[in-house]
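Residue numbers (the numbering used here): 537 to 606.
For reference, the structure is listed below as structure tokens.
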């Protein structure tokens, strides 16, 4: 199977900019960190709203030094 993947990668290289590839990898890493992430058979995603809210609040606290108060 790895040989087939290498062949496909060689025949059809990913020509997207590096920043887009990095952004996609970061999104996948963040999505995988959710404990309640479920994927439906149709391809949709479900995340517990409480966990999502907690993650947003934690991120805001972590980055609040970047916001200047008027």
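No residue lacks a Cβ here, since even glycine has one placed at the ideal position from N, Cα and C.
Subject >> For residue 548, the three-state DSSP class (helix, strand or coil) >> reply: Counting from 1 along the chain shown, the entry for residue 548 is found at position 12. Three-state result, residue 548: coil.
Original post:
Under three-state DSSP, which class holds residue 582?
Top reply: Translated into the one-based positions of the chain shown, residue 582 becomes position 46. Residue 582: strand per DSSP, three-state reduction.
**OP:** Select from 548, 569, 573 the residue whose C-alpha is nearest the C-alpha of residue 585.
**Re:** Reading the chain shown from its first residue, position 49 is the one you call residue 585. Answer by Cα proximity: 573.
Subject >> Beta-bridge pairing of residue 561 - partner residues as DSSP gives them >> reply: The residue you call residue 561 lines up with position 25 of the chain shown. Answer is none; residue 561 lacks a bridge partner.
**OP:** Indicate the three-state DSSP secondary structure (helix, strand or coil) for residue 604 in the structure shown.
**Re:** As a working mapping, residue 604 is identified with position 68 in the chain shown. Coil.
**OP:** Confirm, please, whether the CB-CB distance from residue 570 to residue 587 is below 8 angstroms.
**Re:** The count along the chain shown starts at 1 and reaches residue 587 at position 51. The count along the chain shown starts at 1 and reaches residue 570 at position 34. Result yes, Cβ atoms of residue 587 and residue 570 sit closer than 8 angstroms.
Original post:
What residues match up with residue 574 in a beta bridge as DSSP calls it?
Top reply: Position 38 of the chain shown, counted from the first residue, corresponds to residue 574. 582.
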